[in-house]
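Asker:
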Amino acid sequence: MKEDILAVYKKFEINNLNMFFDDLIEYVNKYYTVFSKYISLDYLDAITRLDSTSLILGHSDDNFEIAIPFYTNKVIEGLNEEELSNQVSSLIWDLSAYMTEELCPSCNDSNLRLTTMVSREDTLVKFCDECLYTGIRNERVEIEEDLVPAPKKKVEEYLRGK
């Protein structure tokens with residue numbers, strides 16, 4: 001498991017996020033049973049169906065050119081299955097959940113990401129990584145189910161409507 005993720009990380013290129021992302025999804029599919037011990041099944045099932053061509057990748061405040069070597073070192077230093085599963089799951093989120101320029105209205109500490117609910121991909125949900133704020137049509141709402149990165153077409157609709 002560790003050798004496989006190190007091989008994926010080694011192939012990271014900032015100018016080829018699609019291939020890197022698809023390799024991460026392939027890795028999750030390969031180790032699905034391990035991930036299923038630590039990641040919500042609804043979220044896991046949703047991310048295993050993601051495809052780089054249906055998303056806008058890398059639009060966040062994360063510096064992946066620094067993050068990937070950091071993650072690589074963490075794996076080399078020794079992560080258990082749970083830590084590795086969480087690391088990969090977080091990386092997939094950071095790469096694929098489109099970050100807006102809009103500051104969270106609740107905490108004012110982070111920009112909002114564009115997501116959808118697992119069961120309702122037609123509804124755009126703004127989400128804050130810091131305080132877990134969720135909003136639909138600029139109104140705070142409580143959402144119990146898992147959120148997944150908004151597909152490219154929903155992000156493009158949002159950007160056109162700005």
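Going by UniProt numbering, the sequence shown opens with residue 1, and the numbers climb by one from there.
All C-beta atoms, glycine included, are put in the ideal place defined by N, C-alpha and C.
Please determine, among Val141, Glu157, Tyr133, Arg140, the residue with the shortest C-alpha to C-alpha distance to Asn111.
Answerer: Tyr133
Asker: Let me know if Gly78 comes out buried or exposed under the rule of 16 or more other beta-carbons within 10 Å of its beta-carbon.
Answerer: exposed
Asker: When the distance is taken between beta carbons, is Leu84 closer than 8 Å to Leu57?
Answerer: Going by C-beta atoms, Leu57 is not nearer than 8 Å to Leu84.
Asker: Would you call Ile47 buried or exposed, if buried means 16 or more other Cβ atoms sit within 10 Å of its Cβ?
Answerer: buried
Asker: Which runs of the alpha helix (DSSP H) at least 4 residues long sit entirely within the region 31-70? Give them in chain order.
Answerer: 32-35, 41-48
Asker: Do the region 64-71 and the region 115-129 meet, that is, are 3 or more Cβ pairs less than 8 Å apart?
Answerer: no
Asker: To the nearest angstrom, report how far apart Tyr98 and Ser60 are at their CA atoms.
Answerer: Their backbone Cα atoms lie some 6 Å apart in a straight line.
Asker: Using C-beta distances below 8 Å, list every residue in its chain close to Pro151, excluding the 5 sequence neighbours before and after it, in chain order.
Answerer: Closer than 8 Å at the Cβ level, and outside the excluded window around Pro151, lie Ser54, Leu55, Thr116, Glu121.
Asker: Could you check where the alpha helix (DSSP H) with Leu84 kicks off and where it finishes?
Answerer: 81-96
Asker: With DSSP as the reference, please indicate the residues paired to Val148 in a beta bridge.
Answerer: Thr116
Asker: Quick check on DSSP: helix, strand or coil for Arg140?
Answerer: strand
Asker: Run the CB neighbour count on Ser40, radius 10 Å, all protein chains shown included, and call it buried at 16 or more, exposed below.
Answerer: exposed
Asker: So what's Met99 in DSSP terms, helix, strand or just coil?
Answerer: strand
Asker: Which one of Asn108, Asp109, Ile143, Cys131 has the shortest CA to CA distance from Val125?
Answerer: For the residues Asn108, Asp109, Ile143, Cys131, the minimum Cα distance to Val125 belongs to Ile143.
Asker: Express the C-alpha separation of Cys104 and Glu65 in angstroms, rounding to a whole number.
Answerer: 26 Å
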